[in-house]
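Numbering (our numbering), first residue to last: 932 to 1372.
Built from N, CA and C at the ideal position, the CB exists for glycine as well.
Because the structure is a prediction, the values reported are computed rather than measured.
Everything on this sheet refers to the single structure shown next.
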Amino acid sequence: MTSENYVFPRGFVWGAATAAYQIEGASKEDGKGPSIWDTFAHTAGKISNGDTGDIACDHYHLFSEDFLLLKHLGVKAYRFSLSWPRIFPEGKGQVNWAGLDYYDRLVDSLLTLNIEPFVTLYHWDLPQALQDYGGWANRDLTGYFADYAAVAVRRLGDRVKCWTTINEPWVVAVLGNMTGEMAPGFRDRKLTAQVGHNLMVAHGTAMQAIRSIEPNAQVGIVLNLSPVETLTDDVYEKKAAERAWKATSAWFLDPLFQACYPPGALRDLGADAPDVKPNDFALISQKLDYLGVNYYTRTVFGAQGEVKKVPGSEYTEMGWEVAPESLGRMLVRMHNDYRLPPIYITENGCALDDQVVDDHVHDTRRIKYIHDHLVELRKTMRLGVNIRGFFVWSLLDNFEWHHGFSKRFGLIYIDYPTQKRIIKDSAYWYSKVISRNEVHR
Ligand code: GCO
932 MTSENYVFPR
942 GFVWGAATAA
952 YQIEGASKED
962 GKGPSIWDTF
972 AHTAGKISNG
982 DTGDIACDHY
992 HLFSEDFLLL
1002 KHLGVKAYRF
1012 SLSWPRIFPE
1022 GKGQVNWAGL
1032 DYYDRLVDSL
1042 LTLNIEPFVT
1052 LYHWDLPQAL
1062 QDYGGWANRD
1072 LTGYFADYAA
1082 VAVRRLGDRV
1092 KCWTTINEPW
1102 VVAVLGNMTG
1112 EMAPGFRDRK
1122 LTAQVGHNLM
1132 VAHGTAMQAI
1142 RSIEPNAQVG
1152 IVLNLSPVET
1162 LTDDVYEKKA
1172 AERAWKATSA
1182 WFLDPLFQAC
1192 YPPGALRDLG
1202 ADAPDVKPND
1212 FALISQKLDY
1222 LGVNYYTRTV
1232 FGAQGEVKKV
1242 PGSEYTEMGW
1252 EVAPESLGRM
1262 LVRMHNDYRL
1272 PPIYITENGC
1282 ALDDQVVDDH
1292 VHDTRRIKYI
1302 HDHLVELRKT
1312 MRLGVNIRGF
1322 FVWSLLDNFE
1332 WHHGFSKRFG
1342 LIYIDYPTQK
1352 RIIKDSAYWY
1362 SKVISRNEVH
1372 R
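Here you go:
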């Protein structure tokens, strides 16, 4: 590390990320079936401003333009997801070949531009037909998910080397089935626990399917992880923080790396604990080729429980504290608690009130946010944590779930009425980081 900057290892992967429902649009085009997010977004009152992903960033039709922007910025890898109902309109049974053809075109376009595709199989858009069949509470879906994974890998696996099974099982389980703020919108703790468990079984089952077809594929899972910290050394606050970590992030890390649930958290669930089959943890804890970590912020506990506003801290448009140092502390703790595979930071970025001025977006706060997290990562790597790459969330402003289009995370600004793309200052800054493979102090 030279005095004035942080140089990253040769081959460090510099990427950007998106997800199908958030950018594609074409919600009914070329044989695509409805997803639970099509249903949820068309349910009155669920999404800010009544927004839907019907058109979104129209990436389905504009992907060539978007990929040229990726190339223009020198981004080396692109993390995107496949829409399960675009490939299996009913979730199982009849394959929609036009859906697979679309993803074929995406992958070939990326490779032509020498951009590495990182494909996520499940980024929340469950086929509605399977939700009608009980959704993730129905353990049969673990098999249907593996069948879907097999069809995708058979078609794309000769060119796609990096596969993610599931993006953020915690969000899918908790926000979709406990708080109800996301699709399918239930509020049931026992359902939440079973959905979370079945997602992890689906992850393990799909990993087996992928590896049986492409033994050399790099397969991982992506977890959203948020360290739980305290403002003081008060022992009771520390205990509350540790219980919260065990019930959230460790609830998914322990099964992956210790083949069990955190004992205390499982006890706390009582009768709402999930139904676990004898071979489940063997499936879930199969060796990962990498772990994807989505990091945005931390959770803070004080004397009265969770602290929503930490004095002196900066917050993003999502109400999330900007806490880059907590990312480093969390990764070091994970490094000490588990035998970790290589890590990719698969999402990191911030929602800001971006304004267009003379066709520019001077998002200096986003530059600082990403800069500070990259500096923290480089320091953490020097402590022995094996971090292989970094993906900004997101390439494009997009449909931010129940917030609709009101939150802008993109390196590229989307003017939705015209679908015009405007490259933000942060994108040009990130482009320089990539070309130099370093971050200035
Ligand atoms: C997530 C999802 C993304 C979000 C992003 C901002 O991590 O929640 O992967 O789809 O849009 O994280 O909330």
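Distance check for residue j and residue i, CA to CA, integer angstroms please.
{"i": "residue 1170", "j": "residue 1019", "result": "46 Å"}
{"i": "residue 1266", "j": "residue 1001", "result": "32 Å"}
{"i": "residue 1119", "j": "residue 1198", "result": "18 Å"}
{"i": "residue 1181", "j": "residue 1348", "result": "42 Å"}
{"i": "residue 1165", "j": "residue 1310", "result": "28 Å"}
{"i": "residue 1129", "j": "residue 1314", "result": "35 Å"}
{"i": "residue 1343", "j": "residue 1350", "result": "11 Å"}
{"i": "residue 1024", "j": "residue 1076", "result": "12 Å"}
{"i": "residue 940", "j": "residue 1223", "result": "18 Å"}
{"i": "residue 958", "j": "residue 1055", "result": "15 Å"}
{"i": "residue 1179", "j": "residue 1066", "result": "22 Å"}
{"i": "residue 971", "j": "residue 983", "result": "9 Å"}
{"i": "residue 1366", "j": "residue 1111", "result": "42 Å"}
{"i": "residue 1147", "j": "residue 1191", "result": "27 Å"}
{"i": "residue 1253", "j": "residue 1026", "result": "43 Å"}
{"i": "residue 1177", "j": "residue 1117", "result": "23 Å"}
{"i": "residue 1185", "j": "residue 1137", "result": "19 Å"}
{"i": "residue 1105", "j": "residue 1188", "result": "21 Å"}
{"i": "residue 1212", "j": "residue 1218", "result": "12 Å"}
{"i": "residue 1126", "j": "residue 1068", "result": "5 Å"}
{"i": "residue 960", "j": "residue 1081", "result": "23 Å"}
{"i": "residue 1288", "j": "residue 1168", "result": "45 Å"}
{"i": "residue 1339", "j": "residue 1346", "result": "11 Å"}
{"i": "residue 1160", "j": "residue 1051", "result": "30 Å"}
{"i": "residue 1109", "j": "residue 1326", "result": "30 Å"}
{"i": "residue 1139", "j": "residue 1079", "result": "13 Å"}
{"i": "residue 1240", "j": "residue 1163", "result": "15 Å"}
{"i": "residue 1361", "j": "residue 1206", "result": "45 Å"}
{"i": "residue 1269", "j": "residue 1299", "result": "31 Å"}
{"i": "residue 1062", "j": "residue 967", "result": "7 Å"}
{"i": "residue 943", "j": "residue 1123", "result": "37 Å"}
{"i": "residue 1303", "j": "residue 1009", "result": "22 Å"}
{"i": "residue 950", "j": "residue 1053", "result": "9 Å"}
{"i": "residue 1329", "j": "residue 952", "result": "9 Å"}
{"i": "residue 1214", "j": "residue 1144", "result": "17 Å"}
{"i": "residue 1142", "j": "residue 997", "result": "31 Å"}
How many whole angstroms separate the CB atoms of residue i and residue j, which I take to be in contact at a CB cut-off of 8 Å?
{"i": "residue 1332", "j": "residue 1113", "result": "6 Å"}
{"i": "residue 1279", "j": "residue 1336", "result": "Their Cβ separation, rounded to whole angstroms, is 21 Å, which puts residue 1279 and residue 1336 out of contact at 8 Å."}
{"i": "residue 1133", "j": "residue 1228", "result": "Between residue 1228 and residue 1133 the Cβ distance is about 27 Å, and since that is not below 8 Å, they are no contact."}
{"i": "residue 1263", "j": "residue 948", "result": "With a Cβ gap of about 24 Å, residue 1263 and residue 948 do not count as contacting."}
{"i": "residue 945", "j": "residue 1006", "result": "6 Å"}
{"i": "residue 1220", "j": "residue 1150", "result": "5 Å"}
{"i": "residue 1237", "j": "residue 936", "result": "No, residue 1237 and residue 936 are not in contact; Cβ-Cβ is about 37 Å, not under 8 Å."}
{"i": "residue 1319", "j": "residue 1275", "result": "5 Å"}
{"i": "residue 1022", "j": "residue 1060", "result": "5 Å"}
Report buried or exposed for residue i, applying the criterion of at least 16 other Cβ atoms within 10 angstroms of its Cβ.
{"i": "residue 1378", "result": "The shown model of the chain, from 932 to 1372, leaves out residue 1378, and the question about it has no answer."}
{"i": "residue 995", "result": "exposed"}
{"i": "residue 1058", "result": "buried"}
{"i": "residue 932", "result": "In this prediction, residue 932 has a pLDDT of 47, which is less than 50 and means its spatial position is unreliable; nothing more can be read from the coordinates."}
{"i": "residue 1158", "result": "buried"}
{"i": "residue 976", "result": "exposed"}
{"i": "residue 1208", "result": "exposed"}
{"i": "residue 938", "result": "exposed"}
{"i": "residue 1234", "result": "exposed"}
{"i": "residue 1286", "result": "exposed"}
{"i": "residue 979", "result": "exposed"}
{"i": "residue 1194", "result": "exposed"}
{"i": "residue 1003", "result": "exposed"}
{"i": "residue 969", "result": "buried"}
{"i": "residue 1250", "result": "exposed"}
Any 3 or more C-beta pairs closer than 8 Å across the stretch 1081 to 1095 and the stretch 1020 to 1040: yes
contact_flag[the stretch 1346 to 1354, the stretch 1278 to 1295] where n(CB pairs < 8 Å) is 3 or more: yes
Sufficient close CB pairs (3 or more, under 8 Å) joining the stretch 1201 to 1215 to the stretch 1245 to 1260: no
Contact between the stretch 1299 to 1309 and the stretch 1247 to 1262 (3+ Cβ pairs under 8 Å): yes
Inter-stretch contact at 8 Å, needing at least 3 Cβ pairs: the stretch 951 to 965 / the stretch 1094 to 1113: no
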